[in-house]
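Peer 1:
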Amino acid sequence: MSRPDVSAFFDAATFTITYIVADPSSGRAAVIDPVLDFDPASGRTSTKSADDVIAAIEGKNLEIDWILETHVHADHLSGAPYIREKLGGKTAIGTNVATVQETFKNIFNLKDLATDGSQFDHLFADSESFAVGNIAGHIIATPGHTPACITYVIGDAAFVGDTLFMPDFGSARTDFPGGDAAQLYDSIQKILSLPDETRLFICHDYKAPGRDVYAWETTVAEQRANNIHISDSVSRDAFIEMREGRDSQLGMPKLILPSLQVNLRAGRLPEPEDNDIRYLKIPLDAV
Ligand SMILES: [Fe+2]
Numbered sequence: 006m007s008r009p010d011v012s013a014f015f016d017a018a019t020f021t022i023t024y025i026v027a028d029p030s031s032g033r034a035a036v037i038d039p040v041l042d043f044d045p046a047s048g049r050t051s052t053k054s055a056d057d058v059i060a061a062i063e064g065k066n067l068e069i070d071w072i073l074e075t076h077v078h079a080d081h082l083s084g085a086p087y088i089r090e091k092l093g094g095k096t097a098i099g100t101n102v103a104t105v106q107e108t109f110k111n112i113f114n115l116k117d118l119a120t121d122g123s124q125f126d127h128l129f130a131d132s133e134s135f136a137v138g139n140i141a142g143h144i145i146a147t148p149g150h151t152p153a154c155i156t157y158v159i160g161d162a163a164f165v166g167d168t169l170f171m172p173d174f175g176s177a178r179t180d181f182p183g184g185d186a187a188q189l190y191d192s193i194q195k196i197l198s199l200p201d202e203t204r205l206f207i208c209h210d211y212k213a214p215g216r217d218v219y220a221w222e223t224t225v226a227e228q229r230a231n232n233i234h235i236s237d238s239v240s241r242d243a244f245i246e247m248r249e250g251r252d253s254q255l256g257m258p259k260l261i262l263p264s265l266q267v268n269l270r271a272g273r274l275p276e277p278e279d280n281d282i283r284y285l286k287i288p289l290d291a292v
């Protein structure tokens, strides 16, 4: 099994991990889940996080094939358009982004938003094959957290987005529109049926009680043995009951409203108004 080089970038403001996945034999690479920094108090965006990723790519002389989103994130703005402008590469997400666009088009009243995913260069279907340089990859549709969630399997590594977290933290919430705990269970089983030694790279880490460092890499075998929500000893019904119970206690992510409006458009910011300033909307009593 080909083994890509994986570099991780942790964004402490949103607990997001961005990855560079590189094929050492060809010098070609993909970026997964890049972040555009955003301070909601001042409304300021910054490219500091994305610039760190770009500097690493340039430092290693890598060429970018893909800029991949595991899903429409609700906790950070995507840095994909900025990285694409600087380095090229095709942006991509799962085909079910259309469902997510349809849902939120109404909530944000985005009359001009196409709901066919055409803002992205490519939409991946379940089981579709692709490559990063000479390393073969394929898609596993892993809905549950959101309808559009997909896992990117690239050589011996799988980028699971918000499905599984580290074994001591568990699994992703399923209470966003279109989320479904039973679907998430079934999606996670697909990931856990990959070979035991498959490296799993998660999208967020919040530490866990008793752990004082952030972590983002685990394996199928570790998850099956130790995941506190969904190890091999947890039944489907028990998982669904646990997940729905926990979800009912969770508050909304701080950046959900800004993030969705931008990420539905593949990370493009809204067009400026006639005073040259861009605005985000805050729907009241709608989410
Ligand atoms: Fe998410």
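FYI, the numbering for the sequence shown is 6 to 292, going by the working numbering.
No residue lacks a Cβ here, since even glycine has one placed at the ideal position from N, Cα and C.
#1: Between GLU246, MET247, LEU205 and PHE125, which has its C-alpha nearest GLN228's C-alpha?
#2: Check whether the Cβ of ALA79 sits closer than 7 Å to any heavy atom of ligand 1, and report yes or no.
#3: If you measure from the CB of ASP167, is any heavy atom of ligand 1 nearer than 7 Å?
#4: Examine ligand 1 and report whether any of its heavy atoms sits within less than 7 Å of the Cβ of HIS127.
#5: Would you kindly check if the distance between the Cβ of HIS76 and the Cβ of THR151 is under 8 Å?
#6: Taking the C-alpha atoms as reference points, what is the distance between ALA243 and ALA230?
#7: Specify the secondary structure class of VAL239 as computed by DSSP and reduced to three states.
#8: By DSSP's criteria, PHE15 is part of a beta bridge. Which residues make up the other side?
#9: Do you know offhand how far GLU249's Cα is from THR179's?
#10: Taking all protein chains shown into account, decide if ALA119 is buried (16 or more other Cβ within 10 angstroms of its Cβ) or exposed.
#11: Please classify TYR87 as buried or exposed, where buried requires at least 16 other C-beta atoms within 10 Å of its C-beta.
#12: Give the single residue among SER12, PHE15 and PHE20 whose Cα lies nearest to the Cα of TYR211.
#13: Between which two residues does the alpha helix (DSSP H) harbouring GLU227 extend?
#14: Buried or exposed: ALA35, going by 16 or more other Cβ atoms within 10 Å of its Cβ?
#15: For PHE125, which of helix, strand or coil comes out of DSSP?
Peer 2: If we stick to the structure as given:
#1: LEU205
#2: yes
#3: Remark: the C-beta of ASP167 is in contact range of ligand 1, defined as less than 7 Å to any heavy atom.
#4: no
#5: Yes, they are a contact pair.
#6: 17 Å
#7: coil
#8: ILE22
#9: A direct Cα-to-Cα measurement between GLU249 and THR179 gives close to 8 Å.
#10: exposed
#11: buried
#12: PHE20
#13: 225 to 231
#14: Looking at its Cβ environment, which holds 16 or more other Cβ atoms inside 10 Å, ALA35 is buried.
#15: coil
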